[in-house]
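Protein chains in written order, with our numbering: chain A, 1 to 175; chain B, 1001 to 1491.
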């Protein structure tokens, strides 16, 4: 397998990093990935990433939860074991609907939140027992790392990155 | 500096005058005697086949006028009984008992019809007063939180609170008209003999609350609330302008901060008590412990909507330097969030009463659900379903025309909310949306436009001396693009 070289530029401030990303993008280099110890607002835009579709999935997960709650309350409280709710033995779902609103609300939130988190993990390729693939453990502490693939432009990149305030620049082989 | 244009000024004056004429007309056409009232009812009943219903409903909402010495649960039953008897009575006029009852009803109906122009005025007055008040409270909260984003909107909010002054003056007149002059019957517990055990009007339940519900106490409290709010408004407006040129190492700023803390404390107490006195007191037997919050939520979402409207308008005139799409986005977030908050409180109040099914509590919703079904249900759709669907998407919140459409529905919905809080208690089944209601809105809208825009035109449109001004001018919610005017220089 042919190995490809990448450049790792380290930063120790999120504002410096953000400006560096903008500088690199304005020179039309492709940024493979940026590793951060915490989320940096505006980084996705600066890197030119497409907006997340997570919000749209959350909406549909919420609808799913709402539907599930309606089905569940109807099955449990009306069909399977009809309940006299609040002294109003109507045995109709719609007439007892106010009693089910908290359940509908909670399950909407539950589905939206949990499924959104799971989707986020899947999309980010994180799952149980997966080995961490951040290139340097310092990115989990106080450093930011920008990874740029090299295509015979090692020197130009290095000089550009050192101008943007990188505290350390390494060239590594990536398999 | 913003110029209050002659066009807008004449519009506001026209609105006020037209409104005033309409209000005058509605008072003039209100029945002057029981005979007039009977005629109006007879006319109404000849149009439709719901004659029996109308009267039964009138009996239903008769809380203290006709039923004086029952306890609440008996009362609910007797109402039901009256409904039945009367329903039959409507079919068989020779029924003597029903005929007697008819006279009692006629007097009650007469009072309700007389209340109509008052109630129409009161709904709009409360709505506009409440909006100005809640803008003031929101503004105080911004000062206390030392928030950065909203500084460029401070003068807009201050301008809107200017409307507190005329609405408070009118409120004082209405308060005195109700309590001292006794010219209307909106508050049934102010009727003669309610606290007198020997009177046929005696109401044991209201008498039990007489330590709170008495005319002098009510009048004094009402005036105290208005004085507190107006005093803070006067103080903060003066010192906010002083801040611009103070240059005293933020001494004025800190003084304003302290005043706002004190005001917020007093506001939370006085707002709750105001909602008991001015709205819950219309239904003196009924009570709800979260009513103050519920009224607060309704007025808060309306007031944020009004701030957004005035901001969008002034921005389109390039009158607010330093404003950008993120400020609109934040206002729309508040509109969305407080719509949900309102729904939560409205539903919390409804569900507990529905679940427990205690007659003395359910009367409130029975009256609303029987006679006000359309506005009652429309209000929930307008105040919850519509804002959620329209303003859920983050991108839509910074598009002015989306915010305006959402806001119009929210304001309409919360007007209806106030309408449904007040009307069932004061006019019962005789509600309508006609000249009286519409004129009252026009009247207060005219005053609102005049006071707000002339207040905005008087001073510098941005508070120059505020230490957070810079932050506010560079405010950019990271997740949106700035498209509108005034955004080119940031990012």
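The beta carbon of each residue, even a glycine, is placed where N, CA and C say it ideally should be.
Here the C-alpha atom of residue 1166(B) lies approximately 53 Å from the C-alpha atom of residue 48(A). Residue 1288(B) and residue 1414(B) do not touch by the CB rule: their CB atoms are close to 18 Å apart, not below 8 Å. In terms of Cα proximity to residue 1346(B), the closest of 1305(B), 1418(B) and 1106(B) is 1418(B).
Residue 148(A) is not a Cβ neighbour of residue 21(A), given a cutoff of 8 Å. Residue contact check for residue 41(A) against chain B: a CB pair falls below 8 Å. For the options 13(A), 28(A) and 11(A), the alpha carbon positioned closest to that of residue 153(A) is the one of 28(A). Residue 1267(B) places its beta carbon 8 Å or farther from that of residue 1145(B). Taking residue 117(A) as the centre and dropping the five residues before and after it, the same chain places no C-beta closer than 6 Å to its C-beta. Contact note: residue 99(A) reaches chain B through 1355, using a C-beta cutoff of 7 Å and chain order.
One thing to note: residue 1256(B) has its Cβ within 8 Å of the Cβ of residue 1240(B). Between residue 1301(B) and the set 1316(B), 1186(B), 1292(B) and 1332(B), the nearest pair of CA atoms involves 1332(B).
In the DSSP assignment, residue 1180(B) forms no beta bridge with any residue.
Around the CB of residue 1169(B), fewer than 16 other CB atoms lie within 10 Å, so the residue is classed as exposed. Residues of the segment 1333-1358 of chain B that bring their beta carbon within less than 8 Å of a beta carbon in chain A comprise 1347, 1350, 1351, 1354, 1355, 1356 and 1357, in sequence order. For residue 88(A), the nearest CB of chain B lies under 8 Å from its own CB, placing it at the interface with that chain. C-alpha of residue 36(A) to C-alpha of residue 1483(B): approximately 30 Å in a straight line. For residue 1028(B), not one C-beta of chain A is nearer than 8 Å to its own C-beta. Taking a beta-carbon distance threshold of 8 Å, residue 1478(B) counts as an interface residue toward chain A. Taking residue 1444(B) as the centre and dropping the five residues before and after it, the same chain places the C-beta of 1124 and 1128 closer than 6 Å to its C-beta, in chain order. Taking the Cα positions, residue 1376(B) is about 18 Å away from residue 1286(B).
By the 16-neighbour rule on beta-carbons within 10 angstroms, residue 38(A) is exposed. Taken through DSSP and simplified to helix, strand or coil, residue 44(A) comes out as helix.
Around the CB of residue 1043(B), fewer than 16 other CB atoms lie within 10 Å, so the residue is classed as exposed. Between the alpha carbons of residue 40(A) and residue 1357(B) lies a gap of roughly 52 Å. With a cutoff of 8 Å on beta-carbon distance, residue 1378(B) and residue 1335(B) are scored as not near each other.
Among the bridge pairs identified by DSSP, residue 172(A) is matched with 6(A).
Between residue 1126(B) and residue 1421(B), the alpha-carbon positions lie close to 11 Å from each other. By alpha-carbon distance to residue 1003(B), the top candidate from 1464(B), 1467(B), 1460(B) and 1473(B) is 1460(B).
In the three-state DSSP reduction, residue 1156(B) falls in the helix class (H, G or I).
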